[in-house]
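Novice:
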Amino acid sequence: MRIPTLIALTLSALAPFAVAQPDASSIGSTDGSKVAYPIAAGESPKLVFLTILGEGEGLDQLREASPNLEIISVRSRAEAMELARAHGVDGRLASAEFIEAAPNLVWVQSTSAGVDRYITIEPLMETDRIVLTNMRAVHGPTIADHSFAMLLTLTRNMRVHERNRAEGTWGSPDARRGIALEGRTMFVVGLGGIGSEIAQRAAGFGMNVIASRRSERPTPEYIDYVGKPDELLEMLGRADVVAIALPLTDETRGQFGAEAFAAMKDGAYLINIARGPIVDTDAMMAALDSGKLAGACLDVTDPEPLPEGHALWGYENVVITPHTAGSAELTSERWWALYRENVRRFGAGEPLLNTVDKAAGY
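Position one of the sequence shown corresponds to residue 12 (the working numbering), numbered consecutively onward.
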């Protein structure tokens, strides 16, 4: 492609309003998809959906998407309790008390990818009547970008260069040689929507990419090998960078402890953009202290928020961000596209996107 053409395409992509709106069907998954309220052909039952969105925040779009839904905006869980006749509910309004009081309820839409809060709600988890859906894959592109921003901060010594800039110094003895990612191995632990986006970017950097997941699916062309969870320790020993993209479940809680860190390559880097409790913080700090870990990139911590004075704040080779990896305009657009599409599908009696496997916890 000629350079002028490439520049023109780049400028076009950056122009205001030039970016196509996200397609919910390409974001959400139909794996294990379920219909929450079956509707026969020709029927148009009046269903009630409760949302925490206020007037002017998209309610008109929701009502246009599904005319047979009575969409009611409520401001609190207490107010939702007065409308327990609802058939569907925004997950932020879902409490054990509400679910027990809602005999018609058949759908809860989580507004986050992780559902660790929901799996503690016994009335929700113990019934097959209520379908739970989530926002997995919505945050993928932004979180993947953030993961590499944190990683490159360490591998390219950006903290040293930024300090030199602030001091007006051109270079310094501590500006050691950076590390190139090309040819190194990235292990993505949890090849879901977010993990897949991280893997694609790793391949773009010329890295060898391996990954793990439970499901049996074709291996994407940008990944060299996909293993199963029971191969974790062996695969850790092959990786220069380990990116955790797992859901928090009883099985994954504390999975990265002393044994996992001992299995890793000396001088490996850790990225955790999943949930803090998946990593044993004391074991991670011990690996940092010993040099087993060259650095850690953490958007989540345990405890969270990380309290003032915690030892992790003092590590020069640790990047910490306050659980903000998914925050971006693109994420908001993808979130809204999926939320609106699931409301439409619910009102039409169609299979919902991103149905959660309650037994698996994600």
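Virtual Cβ for every residue (Gly too), placed ideally from N, Cα, C.
Am I right that R264 and P240 are in contact with their C-beta atoms under 8 Å? What's the rounded C-beta distance?
Specialist: Not really, about 14 Å apart at Cβ, beyond 8 Å.
Novice: Compute the beta-carbon to beta-carbon distance between T312 and L323, rounded to the nearest angstrom, for a pair I have assumed lies under 8 Å.
Specialist: Contact holds; Cβ gap of about 7 Å.
Novice: Could you pull the DSSP bridge partners for G360 from this structure?
Specialist: Paired residue(s): none; G360 is not in a bridge.
Novice: Go to S301, then tell me how far its alpha helix (DSSP H) extends in each direction, as first and last residue.
Specialist: That run of the alpha helix (DSSP H) goes T292 to S301.
Novice: Between the region 86-93 and the region 133-150, are three or more C-beta pairs nearer than 8 Å?
Specialist: The answer is no - the region 133-150 does not touch the region 86-93, with fewer than three Cβ pairs under 8 Å.
Novice: When DSSP labels each residue in this structure, what does G151 get in the three-state scheme?
Specialist: Note: G151 maps to helix in three-state DSSP.
Novice: What would DSSP say about Q266, mapped onto helix, strand or coil?
Specialist: Of the three classes helix, strand and coil, the one that applies to Q266 here is coil, per DSSP.
Novice: With DSSP collapsed to three states, give me the class of S37.
Specialist: Three-state DSSP puts S37 in a helix.
Novice: Considering only residues of the same chain and omitting the five flanking positions on each side of G358, which have a CB-CB separation below 7 Å?
Specialist: So the list reads L58, S77, N79 and L80, once near-sequence residues are dropped.
Novice: Going by CA-CA distance only, name the one from E270, R355, K369 and E361 that's closest to F60.
Specialist: Cα-wise, what sits closest to F60 is R355.
Novice: May I have the straight-line CA-CA distance separating K45 from P152, to the nearest angstrom?
Specialist: Distance between the alpha carbons of K45 and P152: 26 Å.
Novice: Would you be able to state if there are at least three C-beta pairs under 8 Å between the region 189-206 and the region 306-321?
Specialist: The region 306-321 is not in contact with the region 189-206.
Novice: Report yes or no: do three or more beta-carbon pairs, one from the region 247-254 and one from the region 279-297, lie closer than 8 Å?
Specialist: The region 247-254 is in contact with the region 279-297.
Novice: Less than 8 Å separating the beta-carbons of I382 and A339?
Specialist: Given that the chain is displayed from residue 12 to residue 373, the structure contains no residue 382 and the question cannot be resolved.
Novice: Would you say I82 faces chain C, with C-beta separation under 8 Å as the test?
Specialist: Absent here is chain C; the protein component of the structure consists of one chain.
Novice: Rounded to whole angstroms, what is the Cα-Cα separation between V246 and V126?
Specialist: The question names Val, yet the displayed sequence has Met at residue 246. Between M246 and V126, the C-alpha separation is close to 27 Å.
Novice: Going along the chain, which residues of its own chain have a beta-carbon closer than 7 Å to the beta-carbon of L257, five neighbours each way excluded?
Specialist: Answer for L257: V200, G201, T263, A285 and I289, listed in chain order.
Novice: Do you know offhand how far E178's Cα is from K276's?
Specialist: Distance between the alpha carbons of E178 and K276: 36 Å.
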